[in-house]
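Position one of the sequence shown corresponds to residue 2 (the working numbering), numbered consecutively onward. Where is the CB? At the ideal position from N, CA and C, for every residue including glycine.
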Amino acid sequence: MDEYPAMSRVINSEVLLQHFGYWPNFHDAEVIKVTFEALPTWRSAVTFTINVFDMTNEVTKKGYFKLVKKCQIELQLTGIKELVFDYFSFQNVLFEL
Numbered sequence: 002m003d004e005y006p007a008m009s010r011v012i013n014s015e016v017l018l019q020h021f022g023y024w025p026n027f028h029d030a031e032v033i034k035v036t037f038e039a040l041p042t043w044r045s046a047v048t049f050t051i052n053v054f055d056m057t058n059e060v061t062k063k064g065y066f067k068l069v070k071k072c073q074i075e076l077q078l079t080g081i082k083e084l085v086f087d088y089f090s091f092q093n094v095l096f097e098l
C-alpha cells in the first residue's frame, strides 16, 4: 500500500485496486454527479460519482482509444472547511485526482 499513499485515506480503496490492478490517476474520468450534505454532526460532506476506466493504446473504429475496466465509483469527502466549486456542466472530465 505504500506505493499508493492515497489508498490509506480511502475507505474500501482495496476494491478499486483489485478492479484495476493499480491505483488509478483518474485521468479523463468523468464526474457525473455531485451531492452536497450538511450533516447533523456539524460536519459537511461532498460525494462525487465518477465514471472511471482504463484507457488502452488500441483505437476503436470511430477513432477513440478503447476503454476497458469501466466502473462507477462514489468518493465522499468529509470534514470540509472550504470548497470552491466552479464550472460543473454537461461534461466534467478530470485531469487527475
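Exercise. Kindly indicate which three-state DSSP category Val-16 falls into: helix, strand or coil?
Key: helix
Quiz item: Thinking C-beta only, is Lys-67 closer than 9 Å to Phe-21?
Solution: No, Cβ-Cβ distance for Phe-21 and Lys-67 is not below 9 Å.
Quiz item: Taking all protein chains shown into account, do 16 or more other C-beta atoms lie within 10 angstroms of the C-beta of Phe-54, making it buried, or fewer, making it exposed?
Solution: With 16 or more other CB atoms across the displayed protein chains lying within 10 angstroms of its CB, Phe-54 is buried.
Quiz item: Just the Cα atoms here: how many angstroms apart are Gly-80 and Leu-40?
Solution: One C-alpha to the other measures close to 10 Å.
Quiz item: Is Glu-75 closer than 9 Å to Phe-27 when the C-beta atoms are compared?
Solution: With respect to the 9 Å criterion, Phe-27 and Glu-75 are not classified as neighbours on the basis of their beta carbons.
Self-check item: Integer-rounded CB distance, given that Glu-31 should sit under 8 Å from Val-94
Solution: 5 Å
Quiz item: Measuring CB to CB, does Val-47 end up less than 9 Å from Leu-17?
Solution: no
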